[in-house]
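Since the structure comes first, as structure tokens, the remarks are kept for the end.
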Amino acid sequence: MIKHIELCRDYDVLTNIWTASVMATHDFISENDIEFYRQKIPHDYMPNIELYAVRNSNGELCAFIGLNKDIIEMLFVHPDDMGKGYGSLLLQFAKESKGIRKVDVNEQNHPAVRFYMRHGFSIIGRDAFDGEGKPYPILHLGL
1 MIKHIELCRD YDVLTNIWTA SVMATHDFIS ENDIEFYRQK IPHDYMPNIE LYAVRNSNGE
61 LCAFIGLNKD IIEMLFVHPD DMGKGYGSLL LQFAKESKGI RKVDVNEQNH PAVRFYMRHG
121 FSIIGRDAFD GEGKPYPILH LGL
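Structural data, given as structure tokens:
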């Protein structure tokens with residue numbers, strides 16, 4: 001399956017993975033807000049975090065994780081590669097190799113909340129708005 005997690009700065013490809021993933025999983029976010037975030041992702045967010053990615057069996061980048069100090073800022077898997085263990089591998093890497101113990105997740109993204117809970121996280125806090133002040137509640141999870 002996956003043999004290598006690589007440091008990655010290909011913002012265009014990672015933004016495409018983000019967009020496809022969000023379109024498939026974030027039905028609670030308006031199209032206008034998805035476009036708002038899509039513009040910010042490669043310019044405001046990605047340059048400020050460590051990005052690691054994995055490739056699928058075709059050698060294409062298919063999933064990535066963004067880390068900032070002690071927290072997972074983002075973890076996205078292309079919809080064509082969901083359910084194949086890429087997200088779990090990246091999460092395990094963050095926990096074991098980087099000592100990450102926290103993650104924030106959209107409360108309305110129920111599959112993501114369940115994913116993190118299955119991996120030992122629990123809710124330690126909640127904000128009614130996301131970091132941009134938009135009405136998408138954020139759950140703070142910790143190990």
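Residue 143 is where the sequence shown ends in UniProt numbering, and the numbering goes up by one at each step.
Backbone N, C-alpha and C define an ideal beta-carbon position, used for all residues, glycine too.
Here the structure is a predicted model, which means the values were calculated and not measured.
| task | Could you work out which residue in P47, N32, I29, H4 is closest to T15 when comparing CA atoms only? | result | P47
| request: Please classify N16: does DSSP put it in a helix, a strand, or coil? | output: helix
| task | Could you check which residue in F36, H43, Q92, F64 has the C-alpha nearest to that of E132? | result | Comparing Cα-Cα distances from E132 to each of F36, H43, Q92, F64, the minimum goes to F36.
| request: Whole angstroms is fine: what's the gap from N32's alpha carbon to I138's? | output: 19 angstroms
| task | Could you tell me the boundaries of the alpha helix (DSSP H) in which K98 lies? | result | 86-98
| request: Mind checking which residues open and close the alpha helix (DSSP H) that includes F36? | output: 31-40
| task | Please state whether DSSP places Y116 in a helix, a strand or coil. | result | helix
| message | DSSP three-state label for M46, please. | response | helix
| said: My output table needs one value for Y11: the three-state DSSP class, helix, strand or coil. | reply: helix
| query | Does the Cβ-Cβ distance between K98 and L67 come in under 8 angstroms? | reply | In this structure, L67 lies closer than 8 angstroms to K98 by Cβ.
| Taking C-alpha atoms, which residue in M74, F93, H78 lies nearest to N106? | M74
| query | With a CB to CB cut of under 8 angstroms and the five nearest residues on each side skipped, what residues in its chain are close to A24? | reply | P79, M82
| What does a CB cutoff of less than 7 angstroms around F121 pick up in its chain, not counting 5 residues either side in sequence? | V103, L141, G142, L143
| task | Measure the C-alpha to C-alpha separation of N56 and F129 and round it to an integer number of angstroms. | result | 34 angstroms
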